[in-house]
Amino acid sequence: MQAEHAKRSAGVSARYLRIAAWRRLTQSPLSMRLVGLVVGLAALAAGWLAFDALAATDLAPAELAARDHLVRGRAFWINTLVAFIFAYVSFEVLMRARDRRFVGTLPISGSSRYTTLLVRALVRHTPLLLPSALYALALALRGAPRLATYVAALGALLFLVGIPLCCAVHLWAGHSLLGDATPLKRMMASGLVADEAALLVWAPAGGLLAVLVLGLFAEFTLRDALIYNRADGALIVVGVAAVVTLLCVRSGRRLANESMHLIQPRFDELDVPPPFTDDGVRRRVPGEWLARYAPAPATPYVLRDLRQLRRRYRLDRWLLGVFAIVALRLNLAGDSAASLSHNLTALALFVGLFLLSAFRLYGRELDSFWLSATIVDDRRPAALGRVLADATLPLFAPVVAAVAVAIAGDLATALWTLVGGLLVVATMLVCGHSLAAWAFPGRVGAAAIIWRAGVLALSGVVLWQIT
4 MQAEHAKRSA
14 GVSARYLRIA
24 AWRRLTQSPL
34 SMRLVGLVVG
44 LAALAAGWLA
54 FDALAATDLA
64 PAELAARDHL
74 VRGRAFWINT
84 LVAFIFAYVS
94 FEVLMRARDR
104 RFVGTLPISG
114 SSRYTTLLVR
124 ALVRHTPLLL
134 PSALYALALA
144 LRGAPRLATY
154 VAALGALLFL
164 VGIPLCCAVH
174 LWAGHSLLGD
184 ATPLKRMMAS
194 GLVADEAALL
204 VWAPAGGLLA
214 VLVLGLFAEF
224 TLRDALIYNR
234 ADGALIVVGV
244 AAVVTLLCVR
254 SGRRLANESM
264 HLIQPRFDEL
274 DVPPPFTDDG
284 VRRRVPGEWL
294 ARYAPAPATP
304 YVLRDLRQLR
314 RRYRLDRWLL
324 GVFAIVALRL
334 NLAGDSAASL
344 SHNLTALALF
354 VGLFLLSAFR
364 LYGRELDSFW
374 LSATIVDDRR
384 PAALGRVLAD
394 ATLPLFAPVV
404 AAVAVAIAGD
414 LATALWTLVG
424 GLLVVATMLV
434 CGHSLAAWAF
444 PGRVGAAAII
454 WRAGVLALSG
464 VVLWQIT
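Going by the numbering used here, the first residue of the sequence shown is number 4, and it counts up by one from there.
Okay, structure coming up:
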């Protein structure tokens, strides 16, 4: 009987997955699908131009050792960025799936539900394979097949192993919600979240760390196997990857079958922010100084949206530190227009992909169509308040970029980076919020995808022109 129930549960889950995928593809208006297709093709073409230019730069040295070093370094940073994205987004897929309440009413076992969400995470992150694939193709066409095989194999390996690994880490952290608050959890929570949810806060970072450790092992092994022609290394890394993936999938299915029906309601209960000033957020949050310069009708909206962003997305300010490290690592100082263009392109990429919160403020978590339709508010002050609340972190990004260039010793380029960066950030804020407002309420998610693809496309074209 248990086997029959498991078989029926798997069938129901697979049928639901097919129906949901078909409706997702056909539900959007034709105009939205055409716009998404055009922007996607433009992003793909621009990505190819950018990675082809990077491949030309990395293969420019005459020494083979220098080429290998540059390509390996480029592949490492590409895969680090990819791992950073899927380590955090897979948490949303697994724990905050939009259909979780509806699926909870269906006769689906926890293991089948976990498998469905794992497949959904793999499918949703499939575009993350493109950076490594485009870079590998560019290397191959420029006469470096060994390096191309290395880049493609490393990217595919970390993708296929990393997502099941991150999903298993997220589920294990979710299972900790069922236990009591321990002193360790209390220390990790630090008053930001409920003590029971401490491990959940650090689960994406833990998944990212595990993927990076695996990536270092794979990098050294694949380097010996594919670049230095030591075939036994390839068998080792494939075997280890297969074992890790199998263990993650099996342990995740077993844990989900035992407690998925308990984890999800407990997570939904703790995922609702408590009342303001009782949630660990200070009464005055960073960025409120902008409200002083806002028109009087827009001031309440600035404070409201700013506090909501800080309550819901508490780790965003740490992204500025990540950007500072990247800016120092790139070392884009130089008395030339190309250096300034590189600075502004990196700034636009970071702000457009990570710091802009327009699609959050218009999204389901921080906005409601029914409240917007029933509660009377002033549209222009409300829109201005959202832009100003969103501007607090992006406005610091040009300052960080300018300081990084100044540390490298180029004060003139640093000044122009600051001025140009402020103009770029202001333009992106206006364009992003205009697109999000146009897509509200039903197409905000699709608009966010189009926005990110457009940012990547424009950045790729700029990099191609200046490289």
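Every residue, glycine too, gets a C-beta built ideally from N, C-alpha and C.
Since this is a predicted model, take the numbers as computed values, not measurements.
In the DSSP annotation of this structure, Tyr316 is not part of any alpha helix (DSSP H), being labelled neither H nor E. For Ile410, the enclosing alpha helix (DSSP H) stretches over residues Phe399 to Ile410. For Ser342, the number of other beta carbons within 10 angstroms of its own is at least 16, and it is reported as buried.
Per DSSP, the unbroken alpha helix (DSSP H) holding Leu73 starts and ends at Leu67 to Met98. Residue burial annotation: Leu109 is exposed, with fewer than 16 other C-beta atoms found within 10 angstroms of its C-beta. Here Leu398 really is in contact with Val428; their C-beta atoms are around 6 Å apart, less than 8 Å. With a threshold of 16 other beta carbon atoms within 10 Å, Thr129 falls short and is exposed. Taking C-beta atoms as the reference points, Leu97 and His173 count as a pair closer than 9 Å. Inter-segment contact for the region 298-316 and the region 380-387 is present: three or more beta-carbon pairs are separated by less than 8 Å.
Burial state of Asn232 is exposed, judged by a 10 Å Cβ sphere holding fewer than 16 other Cβ atoms. Sixteen is the threshold: since fewer than 16 other Cβ atoms of the shown chains lie within 10 Å of the Cβ of His72, the residue is exposed. Separation of the CB atoms of Cys170 and Ala221 is rounded to 19 Å, and the pair is thereby denied contact status at 8 Å. Bounds of any alpha helix (DSSP H) do not take in Ile111, whose DSSP letter is neither H nor E.
The beta carbon of Phe362 is closer than 6 Å to those of Ala439, Val447 and Ala451 in its chain, skipping five residues each way along the sequence.
Shown here, His173 sits in a helix according to DSSP, grouped into three states. The count of Cβ pairs closer than 8 Å, one atom from the region 389-396 and one from the region 409-417, stays below three, leaving the stretches out of contact.
With a cutoff of 9 Å on beta-carbon distance, Leu293 and Val305 are scored as near each other.
In the three-state scheme derived from DSSP, where H, G and I count as helix and E and B as strand, Pro130 is classed as helix.
Remark: C-beta atoms of Val241 and Ala86 do not approach each other more closely than 9 Å.
Ranked by Cα distance from Leu217, the options Asn82, Gly424 and Ala45 are led by Asn82.
Ranked by how close their Cα comes to the Cα of Leu273, the residues Pro207, Leu225, Leu181 and Leu67 have Leu181 in first place. If you ignore the 5 residues before and after Gly107, its C-beta comes within less than 7 Å of the C-beta of Gln267, all in its own chain and listed in chain order. In the DSSP annotation of this structure, Gly182 is not part of any alpha helix (DSSP H), being labelled neither H nor E. Between Ser114 and Arg256 a beta carbon distance of about 4 Å is seen, short of the 8 Å cut, so the two are scored as contacting. In this structure, Leu140 lies near Trp51, with their beta-carbon atoms less than 9 Å apart. Here Ala351 has Val427, Met431, Val458, Leu461 and Ser462 as same chain residues with Cβ atoms under 8 Å from its own Cβ, once five neighbours each way along the sequence are excluded.
In its chain, beyond the 5 residues on either side, Pro401 and Ala405 have a beta carbon closer than 6 Å to the beta carbon of Leu421. A straight line joining the alpha-carbon of Thr118 with that of Asp102 spans about 15 Å. Note on Ala201: 16 or more other CB atoms within 10 angstroms of its CB, so buried under the neighbour-count rule. In this structure, the CA atom of Ile453 is about 44 Å from the CA atom of Pro186. Distance from Arg149 to Leu219 at the Cβ level is roughly 20 Å; contact not present, criterion being Cβ atoms closer than 8 Å. Leu396 carries a coil assignment under DSSP once its states are collapsed to helix, strand and coil. DSSP places Pro207 in the uninterrupted alpha helix (DSSP H) bounded by Ala201 to Leu225. Only buried fits Leu121, as 16 or more other CB atoms lie within 10 angstroms of its CB.
Assignment of Tyr365 by DSSP, reduced to helix, strand and coil, places it in the coil class.
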